[in-house]
Amino acid sequence: RDATVYVGGLDEKVSEPLLWELFLQAGPVVNTHMPKDRVTGQHQGYGFVEFLSEEDADYAIKIMNMIKLYGKPIRVNKASAHNKNLDVGANIFIGNLDPEIDEKLLYDTFSAFGVILQTPKIMRDPDTGNSKGYAFINFASFDASDAAIEAMNGQYLCNRPITVSYAFKKDSKGERHGSAAERLLAAQNPLSQADRPHQLFADAPPPPSVPTPVVTSLGPGVTPPG
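Under the UniProt record's numbering, residue 226 is the last one in the sequence shown; the count climbs by one each step, no gaps.
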């Protein structure tokens with residue numbers, strides 16, 4: 001997992017082949033993935049690039065973070081930091097979803113309450129891809145999940161009142177997230193402080209000693225940092 005980087009802030013014109021070609025400059029690329037909107041087929045502004053080695057992934061973060069693609073600075077950081085370190089257990093369950101609701105709508109609706117760690121997970125039928133009517137969202141803090149539950153439980157989203165509550169823990173006998181013990185642990189985790197999660201995507205330019213990647217060969221849309 002640690003050889004995978006998260007790439008955010010992507011312009012809609014960025015394609016997987018372009019991402020692949022761009023990140024090849026850091027090292028051999030094994031895989032690229034840009035989650036797409038199920039209805040429009042358009043990617044959602046971020047993606048993942050998997051390298052052969054963790055060293056290549058680290059190098060990619062050094063030289064690619066904040067370079068401009070189609071005039072927009074992209075954010076590059078470790079995909080694992082994006083998920084693992086910040087998972088404090090502020091995981092909510094959303095039920096009675098209209099079948100038309102997609103991941104982007106959930107993200108846009110619930111990101112108003114705080115940082116969301118991963119793309120909202122709508123449970124879908126593996127054969128048809130149709131929504132089963134419920135989803136999970138993983139927030140970076142209990143402040144955010146508490147606010148989301150308080151504000152959204154019973155609200156209408158696309159003609160249906162949704163239910164919002166803490167999700168059951170995996171492999172537990174009916175125990176939900178949001179317990180006092182879990183909150184205590186979260187409070188002690190330096191990464192989960194309320195003012196920290198947005199640091200994950202801090203728009204800091206790379207240190208000046210880093211060589212500028214040669215991206216001129218990729219066409220007019222790509223410009224080096226600066």
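Note that beta-carbon positions come from the ideal geometry of N, C-alpha and C, so glycine has one too.
Within this structure, are the beta carbons of lysine 121 and aspartate 37 separated by less than 7 Å? no
Roughly how many whole angstroms lie between the Cα atoms of isoleucine 149 and alanine 57? 37 Å
Please classify glycine 71 as buried or exposed, where buried requires at least 16 neighbouring CB atoms within 10 angstroms. It is exposed - the Cβ of glycine 71 has fewer than 16 other Cβ atoms within 10 Å.
Label lysine 78 either buried or exposed according to how many other C-beta atoms from any shown protein chain fall within 10 Å of its C-beta, with 16 as the threshold for buried. buried
Taking DSSP as the reference, what is the three-state secondary structure of glutamate 100? coil
Close beta carbons around alanine 135, own chain, < 7 Å, minus the five adjacent residues each side: Ile94, Leu97, Leu106, Pro120, Lys121, Ile122 and Met123
Please work out which residues of its chain come closer than 8 Å, Cβ to Cβ, to threonine 32, disregarding the five sequence neighbours upstream and downstream, and give them in chain order. The residues are Glu16, Leu19, Trp20, Phe23, Gly47, Phe48, Val49 and Glu50.
Would a C-beta distance cut-off of 7 Å place isoleucine 74 and glycine 9 closer than the cut-off? yes
Excluding sequence positions up to five away, which residues of its chain have a Cβ less than 6 Å from the Cβ of serine 145? Ala90, Ile92 and Phe139
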